[in-house]
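As structure tokens, the structure follows; a few thoughts come after it.
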Amino acid sequence: MQLAGALIAAALAFAAPAQAQRLDDHTILVPGGITPGRQPDGNSILLEGPDGLVVFDTGRHKTHSDAILAATGDRRIVAIVNSHWHLDHVSGNLRLRPLFPGLRVYGTGAIDGALTGFLKTSAAQGRQALASGKLSPSIAEDVRADLLTIDRGNELRPDIQLGGVQTLKLAGRNFMLGVSLHAATAADLWLYDPASKRLLAGDLVTLPAPFLDTACPEGWADALATIDKLDFETLVPGHGPVMTHEDFRWWKNGFEDFLICSGGERPMETCAGGWLAAARHWLSEKEVADFAGYAYYYGELLRSGKLNKYCAA
Ligand SMILES: [Zn+2]
Numbered sequence: 000m001q002l003a004g005a006l007i008a009a010a011l012a013f014a015a016p017a018q019a020q021r022l023d024d025h026t027i028l029v030p031g032g033i034t035p036g037r038q039p040d041g042n043s044i045l046l047e048g049p050d051g052l053v054v055f056d057t058g059r060h061k062t063h064s065d066a067i068l069a070a071t072g073d074r075r076i077v078a079i080v081n082s083h084w085h086l087d088h089v090s091g092n093l094r095l096r097p098l099f100p101g102l103r104v105y106g107t108g109a110i111d112g113a114l115t116g117f118l119k120t121s122a123a124q125g126r127q128a129l130a131s132g133k134l135s136p137s138i139a140e141d142v143r144a145d146l147l148t149i150d151r152g153n154e155l156r157p158d159i160q161l162g163g164v165q166t167l168k169l170a171g172r173n174f175m176l177g178v179s180l181h182a183a184t185a186a187d188l189w190l191y192d193p194a195s196k197r198l199l200a201g202d203l204v205t206l207p208a209p210f211l212d213t214a215c216p217e218g219w220a221d222a223l224a225t226i227d228k229l230d231f232e233t234l235v236p237g238h239g240p241v242m243t244h245e246d247f248r249w250w251k252n253g254f255e256d257f258l259i260c261s262g263g264e265r266p267m268e269t270c271a272g273g274w275l276a277a278a279r280h281w282l283s284e285k286e287v288a289d290f291a292g293y294a295y296y297y298g299e300l301l302r303s304g305k306l307n308k309y310c311a312a
């Protein structure tokens with residue numbers, strides 16, 4: 000998620016960084032979080048194989064990569080898979096890469112477009128915001144760290160660029176990896192683990208709201224229909240708690256209703272309220288109140304038509 004200015008200031012706690020959680024004998028979740036006054040981290044998942052570890056997404060903050068390293072123990076990370084280029088999912092690559100020589104990074108080529116487009120613009124905005132002196136100390140620290148990450152953008156590029164759907168052997172285990180184009184971002188990579196029937200969805204699924212900042216809404220809806228056909232029992236979203244397949248359908252319906260409502264004439268109160276009612280499935284009453292701003296923000300973004308540019312082929 001690339002937070003817009005209005006949301007950066009929101010002093011909200013949501014799924015604040017938690018301890019690593021073992022999901023099964025071969026899978027560990029390092030939960031991301033949205034901590035008051037900070038930029039977010041996405042969820043990371045460690046997949047254990049006979050040849051080492053695969054890390055799916057690496058977070059933004061040092062505290063998050065610390066948690067990944069703690070969960071790694073004395074095992075070797077042999078592969079990183081990045082779901083997409085947002086900095087809350089790839090920044091940790093810079094930390095992990097030099098620690099594990101031979102580690103290979105798998106991702107899409109979409110980071111190239113981001114480095115000359117969105118990230119370049121947001122770096123300029125970040126420098127301006129720092130110069131204004133108006134940022135809180137914690138956000139200023141995050142912006143400075145993001146600027147250093149963007150400066151090293153070339154090192155974020157994957158060793159192996161993926162597209163389409165394929166089975167890959169990573170760390171001695173077979174996984175299915177697929178790429179959805181023009182969805183939450185220009186290219187979103189998901190990973191399906193047939194052994195555990197678990198889908199790692201990246202930001203194709205996010206809470207407390209769909210993070211539409213760089214999304215093509217219709218393409219995203221198509222991607223949800225595609226992954227719904229996979230035979231998964233549980234799904235790890237890019238942000239938020241692990242879901243069952245039924246939970247995912249609930250999320251998907253909420254997403255589709257939100258798109259339709261925001262694309263129509265009804266008051267934004269109705270659309271945002273509809274999303275929040277769906278999100279009540281996961282969020283407490285307090286969280287729904289705290290995060291109402293996200294639903295309005297993304298609803299207005301959908302309504303503005305500004306996202307259409309992300310649908311261009
Ligand atoms: Zn994210």
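For the sequence shown, position 302 matches number 301 in numbering that gives the first Met the number 0, and the numbering has no gaps at all. The beta-carbon is built from N, C-alpha and C at its ideal position, and this holds for glycine as well.
>> Let's test the definition: count the other Cβ atoms within 10 Å of the Cβ of L98 and tell me whether it reaches 16, buried, or not, exposed.
In response: exposed
> What is the residue span of the alpha helix (DSSP H) that K61 lies within?
Replying inline: 61–71
>> Am I right that G31 and H63 are in contact with their C-beta atoms under 8 Å? What's the rounded C-beta distance?
In response: 7 Å
> Touching or not, the segment 25–43 and the segment 244–254, by the rule of three or more beta carbon pairs under 8 Å?
Replying inline: no
> Do you know whose CA, among L211, W249, N173, lies nearest L300's CA?
Replying inline: Cα-wise, what sits closest to L300 is L211.
> How is V80 classed by DSSP in three states: helix, strand or coil?
Replying inline: strand
>> So, for L198: in the same chain, excluding its five sequence neighbours on each side, which residues have a beta-carbon less than 7 Å away from its beta-carbon?
In response: W189, Y191, I226, L229, F231, L234
>> Let me make sure I understand the geometry here. Which of A170, I159, G218, K196 has the alpha-carbon closest to that of A186?
In response: G218
> So, using beta-carbon positions, are P193 and M175 closer together than 8 Å?
Replying inline: yes
> Would you call the segment 119–134 and the segment 65–78 touching, i.e. three or more CB-CB distances under 8 Å?
Replying inline: Cβ pair count under 8 Å is below three, so no.
>> Can you find the residues in the same chain that come closer than 8 Å, C-beta to C-beta, to A109, ignoring five residues on each side of it along the sequence?
In response: Cβ contact annotation for A109 (same chain, cutoff 8 Å, sequence separation greater than five): H83, W84, T184, A185, A186, in chain order.
> DSSP puts W189 in a beta bridge; with which residues?
Replying inline: G177
>> Could you check if F254 belongs to the surroundings of ligand 1, using beta carbon to heavy atom distance under 7 Å?
In response: no
>> For A12, which residues in the same chain have their Cβ closer than 6 Å to its Cβ, ignoring the five residues on either side in sequence?
In response: The predicted model places A12 with a pLDDT of 43, which falls under 50 and marks its position as unreliable; any figure quoted below should be read in that light. Result list for A12: P35, in chain order.
> What residue range is occupied by the uninterrupted beta strand (DSSP E) comprising F55?
Replying inline: 51–55
> R326: which of E154, Q127, D246 sits nearest, CA to CA?
Replying inline: Lying before the first or after the last residue shown, residue 326 is absent from the chain, which here runs from 0 to 312.
>> Do V53 and V29 have their beta-carbon atoms positioned less than 8 Å apart in this structure?
In response: no
>> Looking only at its chain, what residues have a beta carbon closer than 8 Å to the beta carbon of R248, apart from the 5 residues adjacent to it on each side?
In response: D227
>> Between the alpha carbons of G292 and R302, how many angstroms are there, rounded?
In response: Spanning the alpha carbons of G292 and R302 requires a straight line of approximately 15 Å.
> Just curious, the beta strand (DSSP E) that I27 is in, first and last residue?
Replying inline: For I27, the uninterrupted beta strand (DSSP E) run begins and ends at 26–29, by DSSP.
> Is the CB-CB distance between L95 and L102 below 8 Å?
Replying inline: yes
> Going by DSSP, what residues sit across from Q38 in a beta bridge?
Replying inline: According to DSSP, which records beta bridges pairwise, Q38 is partnered with nothing at all.
>> Starting from G201, trace the beta strand (DSSP E) in both directions and tell me its first and last residue.
In response: Residues 197–205.
> Which class does S121 belong to by DSSP, given the choice of helix, strand or coil?
Replying inline: helix
> Comparing alpha-carbon positions, which option in E47, P207, P136, S131 lies nearest G272?
Replying inline: P207
>> With a threshold of 7 Å (Cβ to nearest heavy atom), would H63 be considered close to ligand 1?
In response: no
>> Give me, in chain order, the residues of the same chain whose beta-carbon lies closer than 8 Å to that of M267; leave out the 5 immediate sequence neighbours on both sides.
In response: Excluding residues within five positions, the ones whose Cβ falls inside 8 Å are S261, Y295, G298, E299, R302.
>> If you reduce the DSSP assignment to three classes, tell me which class T115 lands in.
In response: helix
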